[in-house]
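Numbering (the numbering used here), first residue to last: 280 to 345.
Structure first, commentary second.
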């Protein structure tokens with residue numbers, strides 16, 4: 280659903296904001312996409328200060344950072 284945002288983040292090396300749900304908890308994350316796979320993405324998460332994996336189906340919203 281948000282593949283264009285993810286691809287742009289990957290290709291342009293730009294961070295994006297996502298709303299993400301895990302275990303019924305919703306968090307907002309600033310991430311920079313490093314790899315895109317069929318079911319998930321690998322990204323640097325600024326909140327956790329490290330590389331994390333995010334399931335695409337759990338991404339609720341995406342926005343570009345101005």
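Yeah, the Cβ is synthetic: ideal placement off N, Cα and C, and Gly gets one too.
Predicted, not measured: the structure shown is a model, and the values here were computed from it.
When DSSP labels each residue in this structure, what does residue i get in the three-state scheme?
i	result
residue 319	strand
residue 294	coil
Given this structure, state the Cα-to-Cα distance separating residue i from residue j, to the nearest angstrom.
i	j	result
residue 327	residue 281	22 angstroms
residue 293	residue 313	10 angstroms
residue 338	residue 289	16 angstroms
residue 334	residue 345	24 angstroms
residue 342	residue 300	16 angstroms
Evaluate residue i with the Cβ neighbour count: other Cβ atoms within 10 Å of its Cβ, from every protein chain shown; 16 or more gives buried, anything less gives exposed.
i	result
residue 285	buried
residue 291	exposed
residue 322	buried
Could you spell out where the beta strand (DSSP E) holding residue i opens and where it closes?
i	result
residue 342	338–343
residue 334	329–334
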